[in-house]
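Colleague:
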Amino acid sequence: MLEGGPLDYLTLDYLAEITMSILQKQRARDPRAGFAHDFAGLVKRSARHIAERGVKIVANAGGINPEGCAQAVAAALQAAGHGGRVKIGVVSGDDILPRLDEFIERGIELKNLDTGAPLTTIRQRVQSANVYFGAFPIAEALCQGAAVVITGRCNDAALALGPMVREFGWKRDDWDRLSAGTIAGHTIECGAQTTGGNCQADWETIPDYAGIGYPIIEAEADGTFVITKHPGTGGRVSVAGVTEQLLYEIGDPASYITPDCIADFTTIQLQQQATDRVRFSGIKGRPATEFYKVSISYGAGYKAVGTLVYSWPDAYKKAKAADRILRERWDRLGLKFDAVHSDFVGANACHGVMAGEPSPDIAEIGLRLAVRSADKAAVERFTRELVPIALNGPPSVTGLGSGRPKAEEIVAYWPALIPKEVVKPQVAIVS
Amino acid sequence: MKTQLREIAHARSGDKGDNANIGLIALKPEHYPVLVREVTAERVKQHFAGVCMGNVERYEIPNLRALNFVLHQALDGGGTLSLRTDSQGKTYGAALLRMEIEI
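Taken in sequence, the protein lines are chains A and B. Heads up, the first sequence is in the numbering used here, so the first residue is 115 and it goes up one at a time. Heads up, the second sequence is in the numbering used here, so the first residue is 1092 and it goes up one at a time.
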């Protein structure tokens, strides 16, 4: 992205929904940890572009320790010979883990958005809690001269909207333009998924997946923009591919709610302006809500997954028999789980009954067994009870080369809302 | 005449908690009214019997020649809790393209 053509801002999204709980555990072991470690290395490699070309970098690499991340970045810039000359902006205040009990006492229940259950039902198992902030704290850090902006949890699209707010001076009630910038950010937030990756439309004709280009927003002050990619890179920017990405992981398309606005996808006009250039116009939006979204993670028991591969002849029959035998053995052992799930990979693991019956002549079937339990010992027993079926069950089975599967802790996700007035983003500059 | 949805549409799917969403897009403008007429929320619910345990909502996005479906309780608990191979509904878009429709 830095070397393939002109660029003013590079944005990077590091935080999947469960990443925060992993980072909380890292910081519990080492108070200096808790952020995306590879980001400092990236800044070091990019130092020349930042210092000489004026490219700015915006990333949510701060995780639950944005200040620690900023220290690591400062050290990386120092090592690259640019120490003290590049301002680093830090957006924090999103980590509300220490304040959860205070909120609950004040009557802020942090109800699960999907189930309606109050947070008190899982309070003791909470591992992380972060507010999704919007674009304005990022814009403020940029206004204060930051060339690298590090945030904790923030709305994915805000990473792109922040620079637009900074460059174009968009106001907090400029709903149409904020919505346009939000939709631009949403379009690029999954990287190459908008430049031909994971694209169903004409996937076989998409050129050079191995050298696929990442998306670039060419933004205008009026809220129109073009999605493109650097010349000479692989992939494709088409109306079909961009439309697939627009619809990715959305709910009501007329109400795409972010901290900054409510964007209306039913107003988007797309036009293939030239090869690998799709122009967006006409976007409308509505005022933001009074709430921030909160992402809470909590321990939800244990699970393990194991796979056995059965070959022709009668692969599907053998896999189904093995599944029955294993379950019968667990019954006889009195082994109980909260959930057991069997998938027959090659037959119907993805599409269930929609896939129909596999050919009786099918070459092989993967039997994928998964269990879940609040009791770690039960899940560990499953991992020991799986492998012997290779010797004690139906024939022509393989795929156990890596041995027993591992029991892993499940960190589940609890989405909630919090009134904006009780949490405030903080912006700081370090040199 | 009957045809499979994949002949006139493409799709992308993903997850939000225990809900999956499927964006269904007409390959040509003249196919969009066919999608609106044929691919109702009820038919999608039937199509995903045994996969989607909750209700199905449909949203129309005519400017993109697209429909968006939200399938509730469709991911065995969703995300990290789900024991399914496709715990995030990534292949549900392709599954929808199996549907037989009248054109």
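Each residue gets a CB set at the ideal place from its N, CA and C atoms; glycine is no exception. Please read all numbers here as calculations on a predicted model, not as lab measurements.
Do Asn-1159(B) and Gly-1114(B) have their C-beta atoms within less than 7 Å of each other?
Modeller: Going by C-beta atoms, Asn-1159(B) is nearer than 7 Å to Gly-1114(B).
Colleague: Which residue wins for smallest C-alpha separation from Thr-133(A), given the options Ala-298(A), Ile-222(A), Ala-492(A), Cys-268(A)?
Modeller: With distances taken between Cα atoms, Thr-133(A) lies closest to Cys-268(A).
Colleague: List the residues that DSSP assigns as beta-bridge partners of Thr-125(A).
Modeller: DSSP lists Val-172(A) as partners of Thr-125(A).
Colleague: Mark Met-115(A) as exposed unless 16 or more other C-beta atoms lie within 10 angstroms of its C-beta, in which case mark it buried.
Modeller: Answer is buried; the Cβ neighbour count reaches 16.
Colleague: Compute the Euclidean distance between the alpha carbons of Glu-223(A) and Leu-211(A), then round it to the nearest angstrom.
Modeller: One C-alpha to the other measures close to 14 Å.
Colleague: With the cut-off set at 7 Å, would you say Ser-293(A) and Gly-396(A) are in Cβ contact?
Modeller: Against a cut-off of 7 Å, the Cβ pair of Gly-396(A) and Ser-293(A) comes out as no contact.
Colleague: Taking Arg-1103(B) as part of the beta strand (DSSP E), name the residues at either end of that continuous run.
Modeller: Here the beta strand (DSSP E) through Arg-1103(B) covers 1100-1107.
Colleague: Any beta carbon of chain B sitting closer than 7 Å to that of Ile-524(A)?
Modeller: For Ile-524(A), the answer is yes, since a Cβ of chain B falls inside 7 Å of its Cβ.
Colleague: Using the three-state DSSP reduction, which class does Leu-362(A) fall into: helix, strand or coil?
Modeller: Per the sequence presented here, residue 362(A) reads as Tyr, with Leu not at that position. DSSP places Tyr-362(A) in coil when its eight states are reduced to three.
Colleague: With DSSP run on the structure shown, which of helix, strand or coil describes Phe-451(A)?
Modeller: Reduced to three states, the DSSP call for Phe-451(A) is coil.
Colleague: Could you compute how far the alpha carbon of Ala-260(A) sits from the alpha carbon of Ala-193(A)?
Modeller: Computed Cα separation, rounded: 19 Å.
Colleague: For Pro-367(A), which residues in the same chain have their Cβ closer than 8 Å to its Cβ, ignoring the five residues on either side in sequence?
Modeller: Taken in chain order, the residues that qualify are Leu-361, Asp-378, Phe-379, Thr-380.
Colleague: Report back the beta-carbon spacing between Ala-469(A) and Ala-461(A) to the nearest angstrom; my notes put them in contact at under 8 Å.
Modeller: Correct: roughly 7 Å between the Cβ atoms.
Colleague: Going along chain D, which residues have a C-beta under 9 Å from Ala-453(A)?
Modeller: The structure shown contains no chain D; its protein chains are A and B.
Colleague: Can you tell which of Lys-343(A), Gly-203(A), Pro-180(A) has the C-alpha that lies nearest to the C-alpha of Gly-276(A)?
Modeller: Nearest of Lys-343(A), Gly-203(A), Pro-180(A) to Gly-276(A), Cα basis: Gly-203(A).
Colleague: For the segment 407-441 of chain A, enumerate the residues whose C-beta is nearer than 8 Å to any C-beta of chain B, in chain order.
Modeller: Result list: Ala-414, Lys-417, Val-419.
Colleague: Restricting to Cα atoms, I'd like to know which of Ala-453(A), Pro-539(A), Phe-339(A), Arg-482(A) is closest to Arg-391(A).
Modeller: Residue Phe-339(A) is the option with its Cα nearest to Arg-391(A).
Colleague: So that I know if they touch, is there some Cβ in chain A lying closer than 7 Å to that of Arg-1103(B)?
Modeller: With 7 Å as the cut-off, Arg-1103(B) counts as an interface residue toward chain A.
Colleague: How many angstroms separate the CA atom of Val-262(A) from the CA atom of Pro-329(A)?
Modeller: Their backbone Cα atoms lie some 20 Å apart in a straight line.
Colleague: Please check the pair Val-169(A) and Leu-121(A), which I expect to be a contact at CB under 8 Å, by giving their CB distance rounded to whole angstroms.
Modeller: 6 Å between Cβ atoms; contact.
Colleague: Determine, using beta-carbon pairs with one atom in the segment 416-424 of chain A and one in the segment 507-519 of chain A, whether at least three such pairs fall under 8 Å.
Modeller: Because the criterion of three Cβ pairs below 8 Å is met, the segment 416-424 of chain A and the segment 507-519 of chain A touch.
Colleague: Return the residues of the segment 453-472 of chain A that lie within a Cβ-Cβ distance of less than 7 Å from chain B, sorted by chain order.
Modeller: Against chain B - using a Cβ distance shorter than 7 Å - the residues of the segment 453-472 of chain A are Ala-453, His-455, Asp-457, Val-459, Ala-463, Cys-464, His-465, Gly-466, Val-467, Met-468.
Colleague: In chain A, which residues lie with their C-beta within 7 Å of the C-beta of Val-1142(B)?
Modeller: Going along chain A in sequence order, the residues near Val-1142(B) (Cβ under 7 Å) are Gly-466.
Colleague: Please classify Glu-216(A) as buried or exposed, where buried requires at least 16 neighbouring CB atoms within 10 angstroms.
Modeller: With fewer than 16 Cβ atoms within 10 Å of its Cβ, Glu-216(A) is classed as exposed.
Colleague: Between Ala-1100(B) and chain A, is any beta-carbon pair separated by less than 7 Å?
Modeller: Answer no: the Cβ-Cβ gap between Ala-1100(B) and chain A never drops below 7 Å.
Colleague: Determine the direct distance from the alpha carbon of Leu-1096(B) to that of Thr-347(A), and round the result to whole angstroms.
Modeller: Straight-line Cα distance between these residues: approximately 32 Å.
Colleague: My guess is that Val-485(A) and Lys-431(A) are in contact by the Cβ rule of under 8 Å, so how many angstroms apart are they, rounded?
Modeller: Val-485(A) to Lys-431(A), Cβ: 23 Å. No contact.
Colleague: Exposed or buried, Pro-539(A), counting other C-beta atoms within 10 Å across all chains shown (16 or more means buried)?
Modeller: So Pro-539(A) counts as buried.
Colleague: Shortest alpha-carbon distance to Val-245(A) belongs to which of Lys-434(A), Asn-174(A), Ser-545(A)?
Modeller: For Val-245(A), the nearest C-alpha among the options comes from Asn-174(A).
Colleague: Quick one: what does DSSP say Val-1147(B) is sitting in, helix, strand or coil?
Modeller: Looking at Val-1147(B) - three-state DSSP - the assignment turns out to be strand.
Colleague: At what residue ranges does the segment 424-494 of chain A contain a whole run of the beta strand (DSSP E), taking only runs of 3 or more?
Modeller: The segment 424-494 of chain A contains these whole beta strand (DSSP E) runs: 453-459, 478-487.
Colleague: Which residues of chain A have a Cβ atom closer than 9 Å to the Cβ of His-1138(B), listed in chain order?
Modeller: By Cβ distance, chain A contributes Met-468.
Colleague: Comparing C-alpha positions only, which one of Leu-256(A), Gly-266(A), Ala-274(A), Asp-316(A) sits nearest to Asp-208(A)?
Modeller: The shortest C-alpha separation from Asp-208(A) is found at Gly-266(A).
Colleague: Among residues of its own chain, excluding the 5 on either side of Ser-160(A), which ones have a beta-carbon nearer than 8 Å to its beta-carbon?
Modeller: Leu-116, Leu-124, Val-169, Ile-171.
Colleague: With a threshold of 8 Å, are at least 3 pairs of Cβ atoms found where one atom belongs to the segment 1115-1124 of chain B and the other to the segment 1162-1176 of chain B?
Modeller: No, they do not touch.
Colleague: Please check the pair Leu-1155(B) and Thr-357(A), which I expect to be a contact at CB under 8 Å, by giving their CB distance rounded to whole angstroms.
Modeller: At roughly 5 Å, the Cβ-Cβ gap stays under 8 Å, so Leu-1155(B) and Thr-357(A) are in contact.
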